[in-house]
Each structure stands twice: as C-alpha cells, then as structure tokens.
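Okay, structure first, notes after.
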Amino acid sequence: MNEKRISGVFSSQVLVSKNDLAQLATEVTQLKQTLPLVLSKRIADYQTRLSGLRDENDHLLEQISKLTSEKDQWKNKYETAVADTQAEKQESLRLRCEVQQLGEQLSRQSDYCASLGSSCCTLLWRVSKRDDCIQAILAGTKVDEFLSLVSSTLGSYVAAYRADWPKDSTEEAQFILALTGTITNIAASAYGRDVLCTNTMGRQVLDTFITVLTEAPCRKSAQLKNFVLMCLYNVSINQKGAALLEGKSGLVSLCAWLLQEESNSELRLNSLRLVQSLVWENKNPALVRELREVLPVSALETLSKDSYSDIRELALELLSDISRICTED
Numbered sequence: 005m006n007e008k009r010i011s012g013v014f015s016s017q018v019l020v021s022k023n024d025l026a027q028l029a030t031e032v033t034q035l036k037q038t039l040p041l042v043l044s045k046r047i048a049d050y051q052t053r054l055s056g057l058r059d060e061n062d063h064l065l066e067q068i069s070k071l072t073s074e075k076d077q078w079k080n081k082y083e084t085a086v087a088d089t090q091a092e093k094q095e096s097l098r099l100r101c102e103v104q105q106l107g108e109q110l111s112r113q114s115d116y117c118a119s120l121g122s123s124c125c126t127l128l129w130r131v132s133k134r135d136d137c138i139q140a141i142l143a144g145t146k147v148d149e150f151l152s153l154v155s156s157t158l159g160s161y162v163a164a165y166r167a168d169w170p171k172d173s174t175e176e177a178q179f180i181l182a183l184t185g186t187i188t189n190i191a192a193s194a195y196g197r198d199v200l201c202t203n204t205m206g207r208q209v210l211d212t213f214i215t216v217l218t219e220a221p222c223r224k225s226a227q228l229k230n231f232v233l234m235c236l237y238n239v240s241i242n243q244k245g246a247a248l249l250e251g252k253s254g255l256v257s258l259c260a261w262l263l264q265e266e267s268n269s270e271l272r273l274n275s276l277r278l279v280q281s282l283v284w285e286n287k288n289p290a291l292v293r294e295l296r297e298v299l300p301v302s303a304l305e306t307l308s309k310d311s312y313s314d315i316r317e318l319a320l321e322l323l324s325d326i327s328r329i330c331t332e333d
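If you read the sequence shown in the numbering used here, its first letter stands for residue 5, the second for the next number, and so on.
Given below as structure tokens:
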C-alpha cells in the first residue's frame, strides 16, 4: 500500500543524480553571472544604434524642413513667374495691337504723303517746262535742299523696289517719275544745266541718275530710265556737262549694255543718243576706243537696220561720227 503511494508521488518527476544536479547548479550560477553582462552589452549596442537613429532622424527632419522651405520658395517664385508671364502676355498683346494700329496709321500717312508728293511734283513738273519758272525754282534758297531730296528719294526708291518694281501707275511711282521729270526739264534749259554741273548737290543728282541706270531692273523701269537718259543727254550738250560726264567711268559701256538688254525702243534710242553726244561733243579717242570695244562697228551696222527708224538713222550718224573722229585723229 505504501509502495503504491510512493510510486504515485514520484510518477510525474524525474530523478536526477547529485552530480548532474551540481553541474546544473553550476551552470545556473554561471548564467546568473554572465547574463547581465551579455544583456548590458546588447542594451548598450541597442542604445548606441538608437542614438544614431535618433540623430539620423533629426538630420532627416532638418533636411525635410529645409527642402520644404526651398519648395515653398520655388513655389512662390513659380507663382510670381506665372503672374509675370501673364502680365507680359497681356502687355505683348496690347503692344501688338498698338503696333498694328500704328502700322495702319503709318500706311495711311504714307499713302497720303505719296499722293500729296505725286500731286505737288506733277504740278512742279508741268511748271518746270517753262524757262522762266526753272530760273525761279533754282534761284531760291532751298535749291540745295531740293536737289538733295531728289537724290536721296530716288536712291531709296530704287534700293527698296529693285527686286519688286512697282507699276508706273502707283502713287509712289508717279511721285518718283514727276520728280525725275522735273530734273529732266531743268536740264533742258541752259541755266538749269549749268546749275546741275556746278552745284555739288546737282552733281550728286547726276551720280544718282547714273546709279539708277545701273540698278533699276531691266524691262520694268523704262519710263524712269528714259527720263534719266534724256536728262543726261541734255547735260551732255553743255560744255561743262560734257566734261563732267566724260569723267564718269563706264558710262558709254552702260549705255551700250542698255542698248543690248532693254527692249523699249525709246529707251534704246535715248541710250544711243547719249552715246553719240558723249562721243561727238568730247571727240575723245579714248571714248571711241571704249565704244568700239562694247559696241563694235558690226553691232552699229546691225542697229542701222533696226525696225525703229529713229534708231536706224542715229546708228548711221554715229558710224559717220566715229569715222570722222578717227580720220581727224
């Protein structure tokens, strides 16, 4: 009975020897001694890492704050730039509208000035057909200013429209033709020729006229070139004028080029007339040699058979003049 009771008491327990128990006690003692050290070291490591993480977190928070501040600054700048851009767009639109209005106003003023200039110069052109009126025009104090205006206006016109020559019927073209025609009429009088040859501004006008012959487009500017050639011819029959034009290098060659390139009969006739005047008035062998180079006898003989009777007659006269000059030389 007692044995059964004892057996029931120890049935849930394990029997350990004294040696094992002593060893276990020793290990427990050792663990009690080493565990605090191990835990302290780990806790210290964790505290160090935690401190580092806190520092890193503080640094990141500082960076976030700084970046947030920069973001706010850039946002403000962006909003300011957008506002400025909108304001500039509105200002640009306003200026474009203003420029368009000014352009339309300038165009109307330009048309008005061209119309006024055309009317005034047409009247002046008609008046300049009379000798006494020419003297009255050139006797005033504004003659230099007038001649300078003619030179600059004609030069600007040719430069502006060389590639896109306007029709002669436009107001601006009528203004230029009337202005040039007035100078041609002035050159038709002895007093006018003398002024053009001796006055500085007058000589400048003649230089501009020669430039017109060179730069105005072929087969489009016949009327203007005709006025110019008539003016130069009128000047060439004056002794001072003949000497002045003789000094213009290449003028004979230019006239020969016009004869060959232009199709307008009157223009070709006026070119030939100017050549004859230059050659005959000066009787300069050098001019004759230049003429023979650019317009040989064979070319003149061809012109003497031209369909336009005036050109035929003038070519024959020029051949005769050249022959006489060469004989005298």
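No residue lacks a Cβ here, since even glycine has one placed at the ideal position from N, Cα and C. Only a predicted model underlies this, so the values are computations on that prediction, with no experimental measurement involved.
Q: Starting from the C-beta of M234, find all residues in its chain whose C-beta is less than 7 Å away, skip the five residues before and the five after it, and write them out in chain order.
A: T188 and N274
Q.
Suppose you measure from the CA of P221 to the CA of E176; what does that come to, to the nearest Å?
A. 17 Å
**Q.** Integer Cβ distance of V283 from D314, believed to fall under 8 Å
**A.** That belief does not hold up - the Cβ atoms of V283 and D314 are roughly 18 Å apart, past 8 Å.
Q. In its own chain, which residues sit with a C-beta less than 7 Å from the C-beta of Q139, not counting the 5 before and 5 after it?
A. Y195
Q: Return the CA-CA distance between D198 and K244, expressed in angstroms with no decimal places.
A: 7 Å
Q. Got a sec? Which residues, its chain only, sit under 8 Å from T202 by beta carbon, not counting five neighbours each side?
A. K244
Q. CA-CA distance, R130 and T186?
A. 8 Å
(Q) For T331, count the other beta carbons within 10 Å of its own beta carbon; 16 or more makes it buried, fewer makes it exposed. Which is it? (A) exposed
Q. Can you list the alpha helix (DSSP H) stretches of 4 or more residues lying completely in the segment 98-155, in chain order?
A. 135-142
Q: Below 8 Å CB to CB, which residues in the same chain sit around L181 once its five sequence neighbours on both sides are set aside?
A: D172, Q227, L228 and F231
Q: Within its chain, find whatever has a CB closer than 6 Å to the CB of S267; leave out the 5 residues flanking it on each side and keep chain order.
A: R223
Q: Would you please state the rounded distance, in angstroms, between the beta carbons of S308 and L323? I believe it to be under 8 Å.
A: 7 Å
(Q) Measuring alpha carbon to alpha carbon, tell me which residue in A290, P289, N80 and R272 is nearest A319. (A) R272
Q. How do the segment 140-154 and the segment 202-221 stand: do at least 3 beta-carbon pairs fall below 8 Å, yes or no?
A. yes
Q | Coarse secondary structure for L233, derived from DSSP in three states | A | helix
Q) Less than 7 Å separating the beta-carbons of S225 and W261? A) no
Q. Taking the Cβ atom as the reference point for each residue, do F213 and S122 lie within a distance shorter than 7 Å?
A. no
Q: Rounded to whole angstroms, what's the CA-CA distance from E317 to S327? Just pull it up for me.
A: 16 Å
Q) DSSP on L301, reduced to helix/strand/coil? A) Checking the sequence shown, residue 301 turns out to be Val, not Leu. V301: helix per DSSP, three-state reduction.
Q: Scan the segment 255-280 and note each continuous beta strand (DSSP E) run of 3 residues or more that stays entirely inside, going in chain order.
A: none
Q) Under a CB-based cut-off of 7 Å, is D24 close to chain B? A) In the structure shown, chain B does not exist; there is a single protein chain.
Q. If you compare alpha carbons, which of G251, C259 and R53 is closest to N288?
A. G251
Q | Rounded distance between the beta-carbons of R166 and F219, thought under 8 Å | A | According to the sequence provided, residue 219 is Glu. The question's Phe does not apply to it. That pair is a contact at about 6 Å.
**Q.** Cα-Cα separation, R334 to E321
**A.** With the chain running from 5 to 333 in the structure shown, residue 334 is simply not present.
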